Amino acid sequence: MEPMTEKEKMIAGDYYLAGDSVLVKDRRKSKNLLHRLNVTEYRITKKAREIIKELIPNAGANLYIEPPFFCDYGYNIICGENVYFNVNCVVLDCTKVTIGSNVFFAPGVQLYTATHPLDAELRKTLENALPITIGDNCWIGGNSVICPGVIIGSGCVIGAGSVVTKNIPDNSLAVGNPAKVIRKLNQEL
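My numbering applies: residue 1327 is where the sequence shown begins, and numbers increase by one.
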């Protein structure tokens, strides 16, 4: 059996070397596309849509990104249809970030799959990532942070400024730091 590449380790959530030449090349390609999107185009034009399609090839119809936008690789972001990122969103997609359909991200939302070992010696050379999943029909409020390994169910609203450290069940309103479910949605008060 062939040993896993650093890229395969990264996507699998194992410890990997971020300085691996393949990963460096992939990040450079992403940064070049982001520069074109965020600086050269900046407006959503036909050319900007082509850049977004190349940057995030695993997206359904109607992925809309308001520049500036930032990500590590792009190819680890999997979107359904009708996904909207407002300005200044960050997706650290060292592993899979799966986003359902009809999901809206307010300004400044940050999704972090990247994490690091707690052991200081390991942290000097290795890192790892845990996937993030967001279900259909969600609204993630401005300046919210979604931490590594979190699953947000379908039909959820995450209040502005929330830090989501644990899974959120379907049809929930979650707010705060750390985010807590304060009520179910689509139910009588």
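From the three backbone atoms N, C-alpha and C, an ideal C-beta is built for every residue, glycine too. From a predicted model like this one, the values you see are computed outputs, not experimental measurements.
Enclosing beta strand (DSSP E) for residue i [first to last residue]
i	result
R1353	Note, R1353: premise wrong, no beta strand (DSSP E); alpha helix (DSSP H) at 1347–1361.
K1492	That residue, K1492, is in no beta strand (DSSP E); it is neither H nor E in DSSP.
Y1438	1436–1438
Y1401	Y1401 -> no beta strand (DSSP E), and no H or E assigned at all.
K1506	1506–1510
L1418	1415–1418
L1389	1389–1391
Among the options, the one whose alpha carbon lies nearest that of residue i
i	options	result
N1469	L1456, A1505, L1363	A1505
K1351	P1383, V1409, K1333	K1333
G1502	G1485, Q1436, C1464	G1485
V1476	I1378, I1425, Y1341, P1394	I1425
N1428	M1330, I1466, K1422	I1466
G1487	L1437, T1451, D1340	L1437
E1453	T1459, L1444, I1460	L1444
L1456	R1354, P1394, N1493, C1482	N1493
I1391	F1411, R1449, E1376	F1411
P1393	E1376, V1483, E1367, K1372	E1367
Test item: CB-CB of residue i and residue j under 8 Å
i	j	result
G1400	L1381	yes
S1498	V1490	no
D1462	G1406	yes
C1473	M1336	no
C1464	G1434	no
K1422	I1404	yes
Assigned exposure category for residue i - 16 Cβ within 10 Å defines buried
i	result
L1389	buried
C1397	buried
P1329	exposed
P1383	exposed
V1471	buried
N1512	exposed
M1327	exposed
L1515	Note on L1515: pLDDT 46, under 50, position unreliable in the model; the coordinate value appears next. So L1515 ends up on the exposed side.
A1446	exposed
Boundaries of the alpha helix (DSSP H) in which residue i is found, first to last residue
i	result
R1449	1446–1449
K1379	1372–1381
K1335	1332–1338
Residue-level contact to chain C via CB, residue i, 8 Å cutoff
i	result
H1361	The chain inventory of the structure shown lacks chain C, comprising one protein chain alone.
* Three or more C-beta pairs closer than 8 Å, one from the segment 1335–1347 and one from the segment 1357–1370: is that the case here? -> no
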